[in-house]
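In full-length UniProt numbering, the protein residues as written are 1 to 244. Note that CB positions come from ideal geometry on N, CA and C, so glycine has one too.
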């Protein structure tokens, strides 16, 4: 990356377009108004789980992080344009900006989006991987909060999305893990979990979303945003962007 343009890839369910546009605007605006995030700060912030928990018993959910990382990396590193690929291209745009959208042939709610935007990798990753900042760029997001910090790299997060008539509001509880890979890429991967501080509110009008796997990956060419959202029973989901 040259510091001015990053590659952005996104996977979503049903309502990602408006949120994605807000995300890109927020990234550019943050950089234009004097963002102070540096690569060193990002590297320190996203230390590995094992480094952060040396000598401390691990929470049961922390044990899932490396499995999530391996599964997510295998999906994100697939060549979506290779012959026989399980990905079907839906959008292939070069102008006014680069954009590709793929759908996985074997899953109803699995999309991969690759795009470009003006920003630095560190700025974009720090902004979009921080769930508390999501309402700043996603107009569909009602509220977010961190439920529990398991270690410096692992958190349990709550996200509530606004209702879009005629559907009800949606919410989700996510295990989130951030890590800098050995090749220098920044990874943020999440999946739905259960937490006693966040009971299912479906009976009160807020439908619980289930994210099988979601995340973002930032490499030297920019961002690859990848999200997988599963369907819970007969209830469809509203997309919530999460970057690799």
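When the distance is taken between beta carbons, is residue j closer than 8 Å to residue i?
{"i": "residue 157", "j": "residue 174", "result": "yes"}
{"i": "residue 129", "j": "residue 216", "result": "yes"}
{"i": "residue 125", "j": "residue 218", "result": "yes"}
{"i": "residue 206", "j": "residue 169", "result": "yes"}
{"i": "residue 97", "j": "residue 70", "result": "no"}
{"i": "residue 108", "j": "residue 86", "result": "no"}
{"i": "residue 111", "j": "residue 193", "result": "no"}
What separation, rounded to the nearest whole angstrom, lies between the Cα atoms of residue i and residue j?
{"i": "residue 255", "j": "residue 167", "result": "Because the chain spans 1 through 244 in this model, residue 255 falls outside it and cannot be assessed."}
{"i": "residue 213", "j": "residue 95", "result": "30 Å"}
{"i": "residue 137", "j": "residue 118", "result": "15 Å"}
{"i": "residue 163", "j": "residue 145", "result": "18 Å"}
{"i": "residue 190", "j": "residue 177", "result": "6 Å"}
{"i": "residue 102", "j": "residue 82", "result": "12 Å"}
{"i": "residue 135", "j": "residue 113", "result": "21 Å"}
{"i": "residue 99", "j": "residue 75", "result": "19 Å"}
{"i": "residue 179", "j": "residue 80", "result": "24 Å"}
{"i": "residue 68", "j": "residue 152", "result": "17 Å"}
{"i": "residue 58", "j": "residue 147", "result": "17 Å"}
{"i": "residue 187", "j": "residue 63", "result": "17 Å"}
{"i": "residue 121", "j": "residue 185", "result": "10 Å"}
{"i": "residue 183", "j": "residue 77", "result": "13 Å"}
{"i": "residue 154", "j": "residue 66", "result": "11 Å"}
{"i": "residue 127", "j": "residue 84", "result": "36 Å"}
{"i": "residue 199", "j": "residue 165", "result": "24 Å"}
Which one of the options has the shortest CA to CA distance from residue i?
{"i": "residue 161", "options": "176, 98, 139", "result": "139"}
{"i": "residue 172", "options": "188, 201, 183", "result": "201"}
{"i": "residue 88", "options": "99, 104, 203, 98", "result": "104"}
{"i": "residue 316", "options": "195, 182, 184", "result": "What is shown of the chain runs 1 to 244, which leaves residue 316 out entirely."}
{"i": "residue 208", "options": "159, 84, 90", "result": "159"}
Bridge partners of residue i, per DSSP?
{"i": "residue 114", "result": "100"}
{"i": "residue 92", "result": "100"}
{"i": "residue 172", "result": "159"}
{"i": "residue 61", "result": "Residue 61 is not bridged to any residue."}
{"i": "residue 141", "result": "161"}
{"i": "residue 207", "result": "170"}
{"i": "residue 151", "result": "154"}
{"i": "residue 188", "result": "178, 216"}
Any chance the CB of residue i is under 7 Å from a heavy atom of the ligand FAD?
{"i": "residue 188", "result": "Absence of the ligand FAD from the depicted structure is noted, as is the absence of any ligand whatsoever, leaving it without description."}
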